[in-house]
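Reviewing the structure listed below.
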Amino acid sequence: MGLAVAFAQVSEFCRNGANTIFGVVGLDRRPLAGIALGCPLVGPDRVRVLLARSPNAQLLLDLTREGRIALTVSEVPSHRSVQIKGDQAMLLAARPDDIRTVLRDLRAFRDRLIDADFGEGFSSSYCSFDTDDAVAVEFVPREAFTQTPGPQAGERLLRAAS
14 MGLAVAFAQV
24 SEFCRNGANT
34 IFGVVGLDRR
44 PLAGIALGCP
54 LVGPDRVRVL
64 LARSPNAQLL
74 LDLTREGRIA
84 LTVSEVPSHR
94 SVQIKGDQAM
104 LLAARPDDIR
114 TVLRDLRAFR
124 DRLIDADFGE
134 GFSSSYCSFD
144 TDDAVAVEFV
154 PREAFTQTPG
164 PQAGERLLRA
174 AS
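Under the working numbering, the letters of the sequence shown match residues 14 to 175, in that order.
Structure follows, in structure tokens:
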């Protein structure tokens, strides 16, 4: 799978309702994981992820120290997953178009969760956030991997030139 295909797949997952998590390296060199709200921009030069600041405060602090990030986007209910690793991460203000895109994508994710019998109450709560608490993280993608459970999990899809 080439670069363009990997990013197109991640964008499609997000539009159709995806679980989005991110990871950073903590001060103690241990991995930390958080839940992202969505990916308003996925491209070969920049990836833009929206996060809720409050529940991810420690991760954002560690991210600004290291600048490295791993983002995993998983399609529901197939569990097809792609991980993008990158660096040069920067915290930015969430833009109105980021919020609109993520709200649309989270509605699709909520519907997927409801279809998977998680219930409307849980699904709506899981996919809700305070728009005033949203922050964007942009980073330069360096590598992508398949993370779909199975024999190809962890297989490198691409490596960008540094």
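In this text, a Cβ means the ideal position worked out from N, Cα and C, and glycines have one as well.
Distance between residue j and residue i (C-alpha atoms, nearest Å)
i      : j      : result
Ile34  : Leu72  : 12 Å
Arg81  : Pro57  : 16 Å
Arg155 : Ala106 : 23 Å
Asp75  : Val89  : 29 Å
Val60  : Glu151 : 6 Å
Phe20  : Cys27  : 11 Å
Leu170 : Thr85  : 13 Å
Ala102 : Glu79  : 8 Å
Arg93  : Asp124 : 17 Å
Arg43  : Phe131 : 31 Å
Cys140 : Gln165 : 29 Å
Counted within 10 angstroms of its Cβ, other Cβ atoms place residue i as buried (16 or more) or exposed
i     : result
Ala31 : buried
Gln22 : buried
What runs of the beta strand (DSSP E), each 3 residues or longer, lie entirely inside the stretch 21 to 92? 31 to 38, 44 to 48, 51 to 55, 60 to 65, 82 to 88
Say whether the stretch 59 to 67 touches the stretch 144 to 154, bearing in mind that this needs 3 or more beta-carbon pairs closer than 8 Å, one atom from each stretch. yes
Please give the ranges of any alpha helix (DSSP H) in the stretch 98 to 157, keeping only runs that are unbroken, at least 4 residues long and fully inside the region. 109 to 128, 133 to 139
Taking 8 Å as the threshold, find out whether the stretch 45 to 55 comes into contact with the stretch 115 to 122 through three or more Cβ pairs. yes
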